[in-house]
Amino acid sequence: MSFCALIILDLYKAISPLNVIITINYYDCDITFPQWEEERYTDGSKWKFLEHKGPVFAPPYEPLPSNVKFYYDGKHMKLSPESEEVATFFAKMLDHEYTTKDIFRKNFFKDWKKEMSSEEKAKITDLKKCNFTELSDYFKAQSEARKAMTKEDKLEENERMLQEYGFCIMDNHRERIANFRIEPPGLFRGRGDHPKMGMLKRRIRPKDIIINCSKDSKHPEPPPGTKWKEVRHDNKVTWLVSWTENIQGSIKYIMLNPSSRIKGEKDWQKYETARRLKKCVDRIRTQYREDWKSKEMRIRQRAVALYFIDKLALRAGNEKEEGETADTVGCCSVRVEHIKLYPENDGQEFVVEFDFLGKDSIRYYNKVPVEKRVFKNLQLFMENKEPDDDLFDRLNTSVLNKHLQELMDGLTAKVFRTYNASITLQQQLKALTNADENVTAKILSYNRANRAVAILCNHQRAPPKTFEKSMQNLQTKIDAKRDQLSDAKRELKSSKADAKVRRDERSKKTVETKKKAVERLEDQLMKLEVQATDREENKQIALGTSKLNYLDPRISVAWCKKWGIPVEKIYNKTQREKFAWAIDMAEEDYEF
DNA sequence: AAGAGCACTTAGGATCTAACCC
DNA sequence: GGGTTAGATCCTAAGTGCTCTT
Numbered sequence: 001m002s003f004c005a006l007i008i009l010d011l012y013k014a015i016s017p018l019n020v021i022i023t024i025n026y027y028d029c030d031i032t033f034p035q036w037e038e039e040r041y042t043d044g045s046k047w048k049f050l051e052h053k054g055p056v057f058a059p060p061y062e063p064l065p066s067n068v069k070f071y072y073d074g075k076h077m078k079l080s081p082e083s084e085e086v087a088t089f090f091a092k093m094l095d096h097e098y099t100t101k102d103i104f105r106k107n108f109f110k111d112w113k114k115e116m117s118s119e120e121k122a123k124i125t126d127l128k129k130c131n132f133t134e135l136s137d138y139f140k141a142q143s144e145a146r147k148a149m150t151k152e153d154k155l156e157e158n159e160r161m162l163q164e165y166g167f168c169i170m171d172n173h174r175e176r177i178a179n180f181r182i183e184p185p186g187l188f189r190g191r192g193d194h195p196k197m198g199m200l201k202r203r204i205r206p207k208d209i210i211i212n213c214s215k216d217s218k219h220p221e222p223p224p225g226t227k228w229k230e231v232r233h234d235n236k237v238t239w240l241v242s243w244t245e246n247i248q249g250s251i252k253y254i255m256l257n258p259s260s261r262i263k264g265e266k267d268w269q270k271y272e273t274a275r276r277l278k279k280c281v282d283r284i285r286t287q288y289r290e291d292w293k294s295k296e297m298r299i300r301q302r303a304v305a306l307y308f309i310d311k312l313a314l315r316a317g318n319e320k321e322e323g324e325t326a327d328t329v330g331c332c333s334v335r336v337e338h339i340k341l342y343p344e345n346d347g348q349e350f351v352v353e354f355d356f357l358g359k360d361s362i363r364y365y366n367k368v369p370v371e372k373r374v375f376k377n378l379q380l381f382m383e384n385k386e387p388d389d390d391l392f393d394r395l396n397t398s399v400l401n402k403h404l405q406e407l408m409d410g411l412t413a414k415v416f417r418t419y420n421a422s423i424t425l426q427q428q429l430k431a432l433t434n435a436d437e438n439v440t441a442k443i444l445s446y447n448r449a450n451r452a453v454a455i456l457c458n459h460q461r462a463p464p465k466t467f468e469k470s471m472q473n474l475q476t477k478i479d480a481k482r483d484q485l486s487d488a489k490r491e492l493k494s495s496k497a498d499a500k501v502r503r504d505e506r507s508k509k510t511v512e513t514k515k516k517a518v519e520r521l522e523d524q525l526m527k528l529e530v531q532a533t534d535r536e537e538n539k540q541i542a543l544g545t546s547k548l549n550y551l552d553p554r555i556s557v558a559w560c561k562k563w564g565i566p567v568e569k570i571y572n573k574t575q576r577e578k579f580a581w582a583i584d585m586a587e588e589d590y591e592f
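With the first letter of the first sequence counted as 1, position 350 gets the number 350 in the UniProt record's numbering; the numbers rise by one all the way through.
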């Protein structure tokens, strides 16, 4: 490398940590472009050039073959294609609990009727009298048939679509698109107790679609005989395609993959903000503790809420429109009914019990001892309130974030979650990693550190359906391995005795072989045992979310380098692509 | 200040695929 | 080589937080 190139590269490093990705992509890109400068935009624009092929629409509806029949009140009934399609959506979900729920059925039936012809509407008046079983069986058979399809056929089709629609050109790079397929029509499945479950999610047509690309690009053509809603050239946003969804009226987007420059840079920035919080978190903590004593109610509420956000990694808790979504809360929207105060509980003083549904209707349950001042404040906030009143009636997320912004540039409630997650990982890794242990044991330590974060952030999962069985299977394997090991040890012993008597090369060799066998078995047994521990501890905990969204990847990369663990053991291929910037940047001494 | 709209990140479950076991 | 299982990937809902409007 020439001296000049070195300087440029170095400069690059100062500007962007992503230089290597940029370089790699540069060579990967098979289209030549005017070489405008790689730079961080300072005017809020996100790109200069953007070209893509537009979205892939859901396949059109294929009417049922005539031998697959729908029955109403025991009698065969031929449905119009429009209402038949909606009927198939219900039929496909027949095995799901959803279809037994009152709200789901009510919403579905209401929307279904809108699609029916007037004759159908007159006839079909009771969902209970509808028999979808032939439809359901037909789709089950179809999915079996698809499974039987050769791997090659499926793969080829997918690969072709990916190559054609899965990439775009943004500035100088060919980038992967995250979701280039438009969501197919179907029945809306909200999470938890959602008031809109079962409603018809309508089919998206070209005239619903807004295309975003640069003026000087070749913009995608709509399917023959159709038109886009709009083609715009807004480089202040990162999305390529958008449409408005009919259930909540919100906008959906097609955006780039996490491996893209634009997402990677944002991700890196997020962790840099969290690191800046690290530098001033002591000051902020001192300040909110001081504010617990404030004369002003709103300041006390703000300070207590912030304490929870910091200590318990709660989400901010924006207000939600009633009746539009499931009833879930975060910190600022917690209600009196969601907490219980115990002046004394299990030998601890000033215990607060939290019990509420958070994001995705995941239950947050926690009993925590708090400072006396916090406790007294909570009592005060709850005075003369009904159970369904807001605990923090003088606070909302925008008030809180405005305050945080004054404490540190770029500080918002969610930065605390990122900060506390990452700092916890770093501390736990330090505490749990044992230099003398082997790679397997170290990885268990890593997973335990990861788990501590997942617990902090309340990342739960439903225990896998086959959990008990798979634990049993593993235990059987462990038992078998133990037996093998004791056999091998016995053989080793006897071969040693044998060698002592014979004193020849051949029996010495046998001893060596047997020794190797014992070692191998010991190693295998240990791996199985570690696996069992890991799996048991992970039963209801999801590690993925924190790994992907909250843990500064440079901490993990540095840990791998420090202990000689291949990074592949921690991050799979997709994750390595997403965190390429960190893998490139972080040295073993990296400190969050 | 409240509310709506928009853009973006975060989330768990469903589905697919590859690895493993007999 | 066929069935099972674990892990990867896909899907899209559900959050956060900012800006613009009233």
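Virtual Cβ for every residue (Gly too), placed ideally from N, Cα, C.
Bear in mind the structure is a predicted one, so any value in this text is a computation, not a measurement.
By DSSP's assignment, S242 forms a beta bridge with I210 and Y253. Rounded to the nearest angstrom, the gap between the Cα atoms of P566 and K573 is 13 Å.
The Cβ atoms of P185 and R203 lie closer than 9 Å to each other. In the DSSP assignment, V86 falls within the alpha helix (DSSP H) that extends over P81 to K92. Secondary structure note for K53: it is in no alpha helix (DSSP H), with a DSSP letter that is neither H nor E. In the three-state DSSP reduction, V68 falls in the coil class, being neither helix nor strand. In the DSSP annotation of this structure, P184 is not part of any beta strand (DSSP E), being labelled neither H nor E. The bridge partners DSSP lists for V352 are L341 and V368.
With a contact defined as Cβ atoms closer than 8 Å, L429 and W559 qualify at about 5 Å. Nearest neighbour of K101 by Cα position, chosen from G192, K201 and F416, turns out to be G192.
In the three-state DSSP reduction, Q248 falls in the coil class, being neither helix nor strand.
Between the segment 371–386 and the segment 407–427, the count of Cβ pairs shorter than 8 Å is below three; the stretches do not touch. In this structure, C457 sits near S546, with a CB-CB distance shorter than 9 Å. Between L378 and V304, the C-beta gap is smaller than 9 Å, which places the two residues in contact. When only Cα atoms are considered, V241 and K252 end up about 8 Å apart.
L444 and M170 have their alpha carbons spaced roughly 40 Å apart. Listed in chain order, the non-local C-beta contacts of H194 below 6 Å within the same chain comprise A326, local neighbours out to five positions each way being set aside. Around P63, the same chain offers P81 and E84 as residues with beta carbons nearer than 7 Å, after the five sequence neighbours per side are excluded. Considering only K311, I570, T328 and K106, the residue with the shortest C-alpha distance to E319 is T328.
Between Y365 and F354, the C-beta spacing is below 9 Å.
Counting C-beta pairs with one atom in each stretch, the segment 444–454 and the segment 526–546 have three or more that are closer than 8 Å, which means they touch. One Cα belongs to E568, the other to I555, and the distance between them is close to 15 Å. Nearest C-alpha to K201 among T133, D111, L127 and I254: D111.
In the DSSP assignment, F108 falls within the unbroken alpha helix (DSSP H) covering D102 to E115. Nearest neighbour of D73 by Cα position, chosen from T125, A316, S66 and W243, turns out to be T125. Distance between K514 and I182, taken at the CA atoms: about 60 Å. Of V415, R261, Q460 and A274, the smallest CA-CA separation from L357 is found for Q460. Here the C-alpha atom of Y550 lies approximately 25 Å from the C-alpha atom of V370.
Inclusion of N257 and K266 in the CB contact set at 9 Å is not warranted, their separation being larger than that value. When the five nearest sequence neighbours on each side are left out, the beta carbons in the same chain lying within less than 6 Å of the beta carbon of P553 are those of F579 and A582, in order along the chain. Within the same chain, Cβ atoms closer than 8 Å to the Cβ of I455 are found at I541, the five residues on either side in sequence being excluded. The C-alpha of G190 lies about 45 Å from the C-alpha of N438. Counting along the chain, R576 sits inside the alpha helix (DSSP H) bounded by residues K573 to K578. Inclusion of W47 and N345 in the CB contact set at 9 Å is not warranted, their separation being larger than that value. Its chain contains F392, R394 and L395 as the residues whose beta carbon lies nearer than 6 Å to that of Q301, once the 5 sequence neighbours on both sides are disregarded; these appear in chain order. In the three-state reduction of the DSSP assignment, H459 falls in the coil class, being assigned neither a helical nor a strand state.
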